[in-house]
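From first to last, the protein sequence lines are chains A and B. Taking the numbering used here, the leading residue of the first sequence gets 1, the next gets one more, and so forth. Taking the numbering used here, the leading residue of the second sequence gets 1001, the next gets one more, and so forth. Think of the CB as a built atom: it goes at the ideal place given N, C-alpha and C, for glycine as much as any other residue. Notes for the one structure printed next.
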Amino acid sequence: MDSTTSDPPVAETSAAAEIPLRGTAADGLKIVVVGGFGVGKTTMVGSVSEIRPLSTEELMTRAGEGIDEADAVPEKTTTTVAFDFGRITLNDRQVLYLFGAPGQQRFWFLWDQLFSGSLGAVVLVDTRRIEDSWYAIDRLEHHRMPFVVAVNRFADRGPSLPKVRAALALDEHVPLVECDARLRESSKTVLIELVRHLTRLHDRPAGEDAR
Amino acid sequence: MSARRHEREDPDRYFTITGGRRDASLDLVALVVAEIGPLPGMSSEQVRILRLCRDAPVAVVELSAHLALPVSVVRILLRDMLADGRITVRHPVSAPEPEQLPDLETLKQVLVGLHNL
């Protein structure tokens, strides 16, 4: 993913200046799209975003791989992890940010920050590498972060949804849908499915944890 | 993920910009507004932040992307600028608390916004 080049980063050109937020924007919201490498996270973010997806990075220490003591680690062990995002202006006040988060275990440090205050998550699945999604689903359940699972059907049809559900050991109440992350309408439908799922969860009896 | 220069991953460079401090209090989607214009003596990073946030709010994570600096480094810069009154921050107000669902009014607004896409 990294490459050596002396060219200035593309992100230096200011898309914020091209498509600024409304002056009244005051309330940022988050949804996280998580999945394995190459599954189409950035494609999904880009298909619904009002700006070209931007990439940035966060510092990550070795301690971030497994224990909760990042501050205790010397600065020299710091590396960076890149992630992408886009945005959708919802109304005069609210703007929804979509983050594409790498699903691998070593990035969980970044997840904590992305999940903090997130409405929910979309787990994007490539049926050729279903096992890439296991860890993400496990962490989401651990964090009690509500999510839907979307199978990105950009190539062959692959296994049926019931087979995917079984392979993911996915609880019956977790929505599982198909999508084509390249298409705005399709990605939009996935996000709407997530919001509907969140709305339905309000009706669940108090004390029922499963999401 | 875009191509990135290895030199930008040099932690020493970030240490110089931030004085080696950490700060995680500003959310990725907190919105930053410039309250003053650039002044002589400001660092180039501060000048760029003030210019980016001059006409409209810009999220912390967008500043990070445009400055090509890690989010945590931008947070440190913003904290100082906030303390000096050079910027103000509009914090997320509809974000759910940990392990809580977003409130129904927020979900309704998101649904309407998505349908309007």
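* Return the first residue and the last residue of the alpha helix (DSSP H) that R1051 (chain B) is part of. => 1044-1052
* **Residue environment, I137 (chain A), which counts as buried when at least 16 other CB atoms sit within 10 Å** => buried
* Check distances from the C-beta atoms of the region 1062-1095 of chain B to those of chain A and list, in chain order, the residues that come in under 7 Å. => E1062, S1064, A1065, H1066, A1068, P1070, V1071, S1072, R1090, P1092, V1093, S1094, A1095
* Asked: Who are the near neighbours of G224 (chain A) in its chain, counting only those whose CB is closer than 7 Å to its CB and skipping five residues on each side?
  -> Nothing about residue 224 (chain A) can be read from this structure; chain A reaches only from 1 to 211.
* Asked: Taking DSSP as the reference, what is the three-state secondary structure of F37 (chain A)?
  -> coil
* Cβ of A1056 (chain B) less than 7 Å from any chain A Cβ? -> yes
* To do: Starting from the beta carbon of A1059 (chain B), find every residue of chain A whose beta carbon is closer than 7 Å, and list them in chain order.
  => G28, Y97
* To do: For chain A, find out if any of its Cβ atoms is closer than 7 Å to the Cβ of R1041 (chain B); answer yes or no.
  => Here residue 1041 (chain B) turns out to be Gly, not Arg, going by the sequence shown. So no, G1041 (chain B) is outside the interface.
* Asked: What residues in the region 131-160 of chain A bring their beta carbon closer than 9 Å to a beta carbon of chain B?
  -> H143, R144, M145, P146
* Asked: Got a sec, what are the start and stop residues for the alpha helix (DSSP H) I19 (chain A) sits in?
  -> Per DSSP, I19 (chain A) belongs to no alpha helix (DSSP H) and is neither H nor E.
* First and last residue of the alpha helix (DSSP H) that includes P102 (chain A)? -> Careful: P102 (chain A) lies outside any alpha helix (DSSP H), inside the beta strand (DSSP E) at 94-102.
* Asked: Within the 7 Å Cβ cut-off, does F109 (chain A) reach chain B?
  -> no
* Nearest to A1030 (chain B) by alpha carbon, out of A:H142, A:D27, A:V32? -> A:D27
* Are the region 91-105 of chain A and the region 30-45 of chain A in contact at 8 Å, needing three or more beta carbon pairs? -> yes
* To do: Give the range of the beta strand (DSSP E) segment to which S186 (chain A) is assigned.
  => Not the beta strand (DSSP E): S186 (chain A) falls in the alpha helix (DSSP H), residues 184-201.
* Near-chain D residues of the region 120-131 of chain A (beta-carbon distance less than 8 Å), N- to C-terminal order -> Among the protein chains of the structure shown, namely A and B, there is no chain D.
* Asked: For T43 (chain A), which three-state DSSP category applies?
  -> helix
* Asked: Any beta-carbon of chain B closer than 7 Å to the one on H202 (chain A)?
  -> yes
* Give the C-beta separation of I1087 (chain B) and A1034 (chain B) to the nearest angstrom, bearing in mind that I take them to be a contact with Cβ-Cβ under 8 Å. => 6 Å
* Asked: Would you say G1037 (chain B) faces chain A, with C-beta separation under 7 Å as the test?
  -> no
* When Cβ atoms are compared, which residues of the region 21-49 of chain A fall closer than 8 Å to chain B? -> L21, R22, G23, A25, A26, D27, G28, L29, K30, T42, V48
* Asked: Taking Cβ positions only, does V81 (chain A) come closer than 7 Å to chain B?
  -> no
* To which residues of the same chain is D68 (chain A) closer than 6 Å at the C-beta, ignoring the five residues directly before and after it? -> Residue placement at D68 (chain A) is flagged as unreliable, the pLDDT there being 43, under the threshold of 50; the coordinate-derived value follows with that caveat. None.
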